[in-house]
Amino acid sequence: MVNSADFVKRLEKILEYYSISATAFAEKMDFNRSTISHLLSGRNKPSLEFVLKLLQKFPEVEMNWLLLGKGSFPAISSENKNISVTPKQKLVSTQEKPKDLFSEENINIQKDNSQINKSPKEIERIVIFYRDGSFNVYQN
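Counting in this note's numbering, the sequence shown runs from 372 upward without gaps.
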């Protein structure tokens, strides 16, 4: 059975994850704003139509997570458990450690590759993404 208070928290987490307002969410879902408002306030429980449409419009949401709180959000597909790219962030699984670009081993590999490839590569731009959704662009 769906616990309304927990469902509301998970629905709020979806809105926060996609950085959208309840109004924008209602438009994307093609539901009345009042329907979303009643769900967020805990007044109403979600209908089957609402749940199915949410799962269709937001494929990163798992049904078990949404309804029961079991599983993960955003969903990591079984085909690609190492890296999953989402609109707001990039997840790296615990199975694979992020590469240290400044390690001695990586620097030596880059030196070896630069000797093979005679044309030096120039950096065009660097983009840094922050957890709050903002970013900085550094351009040459």
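Cβ atoms here follow ideal geometry from the backbone N, Cα and C, with glycine treated the same way.
Checklist entry - Which residue comes first and which comes last in the beta strand (DSSP E) that contains residue 501? => result Segment: none, residue 501 is in no beta strand (DSSP E) and carries neither H nor E.
Checklist entry - So residue 393 packs on residue 419, CB below 8 Å; how close in whole Å? => result Actually they are not in contact, since the Cβ atoms of residue 393 and residue 419 sit about 21 Å apart, beyond 8 Å.
Checklist entry - Which residues in the same chain as residue 401 place their Cβ atom closer than 8 Å to its Cβ, once the five residues preceding and following it in sequence are excluded? => result 424
Checklist entry - Between residue 510 and residue 492, what straight-line distance do the alpha-carbon atoms span, to the nearest angstrom? => result 15 Å
Checklist entry - Under the DSSP definition of a beta bridge, which residues are partnered with residue 509? => result Residue pairing of residue 509 in beta bridges, as defined by DSSP: 497.
Checklist entry - Do residue 403 and residue 397 have their C-beta atoms within less than 8 Å of each other? => result Contact flag set, yes.
Item to check | Opening and closing residue of the alpha helix (DSSP H) in which residue 377 lies | outcome: 375-389
Checklist entry - In angstroms, rounded to a whole number, what distance separates the CA positions of residue 376 and residue 431? => result 21 Å
Next on the checklist: Quick check on this structure: which residue in 399, 388, 409 has the alpha carbon closest to the alpha carbon of residue 379?
Outcome noted: 409
Item to check | Buried or exposed (CB count within 10 angstroms, at least 16 for buried), residue 499 | outcome: So residue 499 counts as exposed.
Item to check | DSSP three-state assignment for residue 414, whether helix, strand or coil | outcome: Of the three classes helix, strand and coil, the one that applies to residue 414 here is coil, per DSSP.
Next on the checklist: Along the chain, where does the alpha helix (DSSP H) containing residue 432 start, and where does it finish?
Outcome noted: Segment: none, residue 432 is in no alpha helix (DSSP H) and carries neither H nor E.
Item to check | Proximity to residue 437 [Cα-Cα], best of 415, 384, 495 | outcome: Comparing Cα-Cα distances from residue 437 to each of 415, 384, 495, the minimum goes to 384.
Checklist entry - Can you give the beta carbon distance from residue 502 to residue 440, rounded, assuming they're within the 8 Å contact cut? => result Rounded, the Cβ-Cβ distance is 23 Å, inconsistent with contact.
Item to check | Straight-line Cα distance separating residue 433 from residue 443 | outcome: 7 Å
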